[in-house]
Amino acid sequence: MFLLRRAVQTGLRTKHCRSFSASQTHLNQGKGLVLGVFEKEGDGDSLHLTESAASFDQNLSGKLSELLKISGPALKKGKSRIFYGLHKDFPCVAVVGLGKNSAGVCGAENWDASKENIRHAVSAGCRLLQDLEVTHVEVDGCGDAQSAAEGAILGLFQYDQLKSKKKTKVTTQLHGSADLAGWEKGVVYAEGQNLARLLMEAPANHITPTAFAETIGEKLAPHAERVTINKRSQAWMEEQKMGAFLSVSKGSEEPPVFLELHYNGSSDSTQAPLVLVGKGITFDSGGISLKPSSSMDAMRADMGGAATVCASIVTAAALKLPFNIIGLAPLCENMPSGKATKPGDVVKAKNGKTIQVDNTDAEGRLVLADALCYGHTFNPRAIVTVATLTGAMDVALGSAAAGVFTNSDWLWEQLHKASVVTGDRVWRMPLFQHYTRQVMESQLADLNNIGKYSRSGGACTAAAFLREFVTAPHWAHLDIAGVMSNKDEVPYLKKGMSGRPTRTLVEFAAGLTHRNN
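Mapped onto the numbering used here, the consecutive letters of the sequence shown carry residue numbers 162 to 678.
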C-alpha cells in the first residue's frame, strides 16, 4: 500500500494522476473511458460510484476506488481526474464528479439538476481525453444515458472546418449496454444542436441564403420519404406580396430564399401541424441604420432562429416523431446599398398592414411578419417564432434563458416543461397592450417597426409588433438573442455560437405527440 500511495502521489500533475506509465503512441491507439462518481452525502467514507464505475472497479479488485481515495480530495461536481494504465483496453480513464445523487428538478433553477450535472461532468471527461488525442471514448451512462450522450457530443463539438490545424476527432459510445436507446436519443438531440452551431458559426460568405437552404436539403435527404422541401424564389415572394420581407433583402446582392420544410411524421394527413418560423438573416449589417463595426462579425449568426428551427426538423425526422411539423425560414442578408430600404420608408406586409421603417436594423420583425402571415395558411395547432430579435433581450435575461412571449398559457406550459428537461431554459415575458400602443403610433403607416420610446422595453415592443400578424390562439415568440453565443456560461458548450434552444424545441415537439391542449 505504501508503494502504491507513493507512486500515485509522485505522479500527480494538477488534474492528471499518472499511476502507470503509458506511451503517447499507446494512448493514441487505445480507447479512453469516462466514469462517474457522486459526491458523498453522509459521514461515511465509502465512495458512491455509478453502476458502471462500480462494475469496472470490481473487475479491478477495487483498484479504482483505492486510487480515488489516495489521489486527492473527493471529486466535486464537474471536476475530473485521469488515471493511466488501469485496464488493458483503456490506457486512460477519466473519472468525473456528478454532484449529489439526490439532485433532481430544482424549482429555483427551473431545470433538472441531475441531468445538467451529468452533461457537465461527461463533457469535461471527454474533453480531457480529447486533449490527450484519444480518438475513441466509451462513456458511462451515469444513470441517464441520454444526458450523458448530450454532454459528450455537445462538449466535443469544435468548429475548425476552416483551420489547417484541427482538434482530434473523437468518436463516442455508451460503456455497457444499459439504456442504449436513451444514449442514441441523446446523440440525435446533441447532433441537432451541433448542426445549428455549425450553421451559426460559419462565416457569412460561406452560409449565404442559398448555401443555407442547400445545407438543410442535404441534411434532410436521408429522410426524403417523410420530408418535402420547397426553396421559394424572389418571384414567389413577390406573388405572395411579402413586401416586408423583400424590403429587407433588396439591399443585398445575394438573392433571398424562403425555405419551406414539411415533415410529415403522422399517419393522419388531417392532423394540424406545428409551425416553426425562424428568422434567417444570414448577415445583419443593420442596413442603412448601420451597426457599429465592433463585434459586427457576430452578426453572421443572426440566422440563429432559422438554424435552430431547421435543425429541430432535421432532428425530428431522425427521431421519426409521429407529428406533422412545418418549418419556415425567410433567408436573406440585411445590407446597405443604393437599393436598400431607407429610414422613414413605408412597406406593406402580406396581410395588407403598412409599416413605417424608422430603423432598418429592426429588420427581423419585418421578415417574420410575412412568414407569420404565410404560416397561418396551414391552420396550425400552434405557431412558434424563433429569432435573435433584440439586444434588449440580452440585456434583460443575458444567457440564462430565452425569453418567451405568448398568447397561450397552454403553449407556455409545454415550452417550459421541455426546457426543464433539456436544461436549455425559457422564461415568460410580458405581452401587454402597453407595448402594442407603442408600435401602433406611426406618423405615416399602420405600424412602426420600432417602439415609440425606442430602446425602452425593446424586446417587448418587438414581440408586440409580431402579435399584429398573429390570429392563431396558440402562438409563442422566442427571442434568443441572449442565448445566441456561449462564453463559459454553459460548461458543456465551448466558446462560440451555442445552437440554443434546439434541444428544447425538439423536446417540445416530442411532447406534443403525447399531450392534448
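Where a beta carbon is used, it is the ideal one built from N, C-alpha and C, also for glycine.
Spatially closest choice to residue i from the options, by CA coordinates
{"i": "A374", "options": "V475, L335 and V348", "result": "V475"}
{"i": "G439", "options": "S473, N425 and K648", "result": "S473"}
{"i": "L533", "options": "T329, W272, T632 and L210", "result": "T632"}
{"i": "D585", "options": "E277, F244, D218 and M464", "result": "E277"}
{"i": "T674", "options": "I486, S275, V409 and K230", "result": "I486"}
{"i": "K328", "options": "L335, L317, H336 and S338", "result": "L317"}
{"i": "H595", "options": "D607, R589 and Y614", "result": "Y614"}
{"i": "P623", "options": "K380, M590 and A274", "result": "Here residue 623 turns out to be Ala, not Pro, going by the sequence shown. For the residues K380, M590 and A274, the minimum Cα distance to A623 belongs to M590."}
{"i": "V257", "options": "N366, E227, I368 and R288", "result": "R288"}
{"i": "L572", "options": "Y245, V587, T583 and G268", "result": "V587"}
{"i": "N647", "options": "F630, F566, H577 and A562", "result": "A562"}
{"i": "L228", "options": "K238, S216, P483 and I243", "result": "I243"}
{"i": "T583", "options": "N540, V300 and C267", "result": "C267"}
{"i": "D458", "options": "V470, D445 and S498", "result": "D445"}
{"i": "G337", "options": "A510, C303, T443 and T515", "result": "C303"}
{"i": "L196", "options": "A313, S603, K511 and F593", "result": "A313"}
{"i": "K402", "options": "V508, L558, Q604 and K261", "result": "V508"}
{"i": "K237", "options": "V198, G265 and K249", "result": "V198"}
{"i": "D250", "options": "L194, E400, K261 and A620", "result": "L194"}
{"i": "I516", "options": "L335, V470, A405 and S263", "result": "A405"}
{"i": "G260", "options": "S241, A606, L341 and F593", "result": "S241"}
{"i": "A553", "options": "C621, P634, S263 and L208", "result": "C621"}
{"i": "G672", "options": "L482, P497, L592 and R616", "result": "L482"}
{"i": "S410", "options": "L290, I449, A274 and G233", "result": "I449"}
{"i": "L335", "options": "K192, W636, K392 and V556", "result": "K192"}
{"i": "D292", "options": "S263, K330, N425 and G233", "result": "K330"}
{"i": "T597", "options": "L605, E629, Q604 and S569", "result": "E629"}
{"i": "L558", "options": "S569, F539 and V644", "result": "V644"}
{"i": "F593", "options": "E400, N262, N568 and S427", "result": "N568"}
{"i": "D555", "options": "R616, Q599 and G223", "result": "R616"}
Whole-Å CB distance - residue i paired with residue j, under 8 Å assumed
{"i": "G347", "j": "A285", "result": "The pair is not a contact, with the Cβ atoms about 17 Å apart (cut-off 8 Å)."}
{"i": "K201", "j": "A235", "result": "6 Å"}
{"i": "V295", "j": "T333", "result": "Contact flag wrong, Cβ pair sits at about 11 Å."}
{"i": "P416", "j": "Q395", "result": "6 Å"}
{"i": "T549", "j": "G465", "result": "5 Å"}
{"i": "K500", "j": "G412", "result": "6 Å"}
{"i": "L492", "j": "A467", "result": "6 Å"}
{"i": "V581", "j": "L480", "result": "Going by Cβ atoms, the distance from V581 to L480 rounds to 19 Å, so no, they are not a contact pair."}
{"i": "D301", "j": "S213", "result": "4 Å"}
{"i": "C471", "j": "I377", "result": "5 Å"}
{"i": "H248", "j": "L290", "result": "So it is not a contact: roughly 14 Å between Cβ atoms."}
{"i": "G426", "j": "A477", "result": "7 Å"}
{"i": "S226", "j": "L208", "result": "5 Å"}
Cut-off 6 Å between Cβ atoms - residues of its own chain near residue i, not counting five sequence neighbours on either side
{"i": "E362", "result": "Y320, G657 and M658"}
{"i": "G447", "result": "D522"}
{"i": "E650", "result": "S560"}
{"i": "Q307", "result": "G343, K346 and G347"}
{"i": "G536", "result": "V436, V438, L489 and I544"}
{"i": "K679", "result": "Nothing in the structure corresponds to residue 679, since the chain is present only between 162 and 678."}
{"i": "G525", "result": "K440, A548 and L550"}
{"i": "E494", "result": "S413, E415, T443 and F444"}
{"i": "D607", "result": "K514 and T515"}
Chain-order list of residues whose beta-carbon lies under 8 Å from that of residue i (same chain, five-residue window excluded)
{"i": "Q519", "result": "For the sequence presented, residue 519 should be read as Asp rather than Gln. Within the same chain, D519 has close Cβ partners P504, G505, N609, N610 and I611."}
{"i": "S182", "result": "Low confidence applies to S182: its pLDDT is 35, below 50, so where it sits in the model is not reliable enough to give any reading."}
{"i": "N189", "result": "Residue confidence is low: N189 scores 45 on pLDDT, short of 50, so the model does not pin down where it sits. Its coordinate-derived value is still stated next. Excluding residues within five positions, the ones whose Cβ falls inside 8 Å are E294, V295 and T296."}
Sequence-distant residues of its chain with Cβ nearer than 7 Å to residue i (five each side left out)
{"i": "F669", "result": "Q575, L576 and A579"}
{"i": "L359", "result": "Y320"}
{"i": "A365", "result": "T443, F444 and R461"}
{"i": "Y653", "result": "R280, H281, S284, G312, L315 and G316"}
{"i": "H187", "result": "Note on H187: pLDDT 46, under 50, position unreliable in the model; no value is reported."}
{"i": "M601", "result": "L608"}
{"i": "S603", "result": "Q517 and N609"}
{"i": "S428", "result": "none"}
Subject >> Ranges of the alpha helix (DSSP H) found wholly within the stretch 289-348, counting only runs of at least 4 >> reply: The alpha helix (DSSP H) runs of length 4 or more contained entirely in the stretch 289-348 are, from start to end of the chain, 306-317.
Original post:
Is there contact here, the stretch 348-364 with the stretch 655-662, by at least three beta-carbon pairs under 8 Å?
Top reply: Yes, they touch.
Original post:
Contact between the stretch 412-427 and the stretch 324-331: three or more CB pairs below 8 Å?
Top reply: The stretch 412-427 vs the stretch 324-331: no contact.
**OP:** State whether the stretch 441-458 contacts the stretch 382-394, with contact taken as three or more CB pairs (one from each stretch) at a distance under 8 Å.
**Re:** No: fewer than three Cβ pairs fall under 8 Å.
Subject >> Length at least 4, wholly inside the stretch 204-248: the alpha helix (DSSP H) runs in chain order >> reply: With a minimum length of 4 residues, the unbroken runs of alpha helix (DSSP H) contained wholly in the stretch 204-248 fall at 212-220 and 224-231.
Original post:
Quick check: the stretch 640-648 against the stretch 528-543, are there 3 or more CB pairs under 8 Å?
Top reply: Inter-segment contact for the stretch 640-648 and the stretch 528-543 is absent: fewer than three beta-carbon pairs are separated by less than 8 Å.
Original post:
How do the stretch 533-545 and the stretch 428-444 stand: do at least 3 beta-carbon pairs fall below 8 Å, yes or no?
Top reply: Per the Cβ contact rule, the stretch 533-545 is in contact with the stretch 428-444 (3 or more Cβ pairs under 8 Å).
Subject >> Complete alpha helix (DSSP H) runs within the stretch 599-652 (minimum length 4 residues, chain order) >> reply: You should have 619-628.
Original post:
Where in the stretch 346-433 do unbroken runs of the alpha helix (DSSP H), each at least 4 residues long, occur, reported from the N-terminal end onward?
Top reply: The stretch 346-433 contains these whole alpha helix (DSSP H) runs: 370-381, 395-400 and 404-410.
Subject >> Secondary structure, beta strand (DSSP E): runs of 3+ residues fully inside the stretch 452-518 >> reply: Entirely contained in the stretch 452-518, the beta strand (DSSP E) runs reaching 3 residues are, in chain order, 485-495, 506-509 and 515-518.
Subject >> Complete runs of the alpha helix (DSSP H) confined to the stretch 533-561 [at least 4 residues] >> reply: Those alpha helix (DSSP H) runs which fall completely within the stretch 533-561 and span 4+ residues are 552-558.
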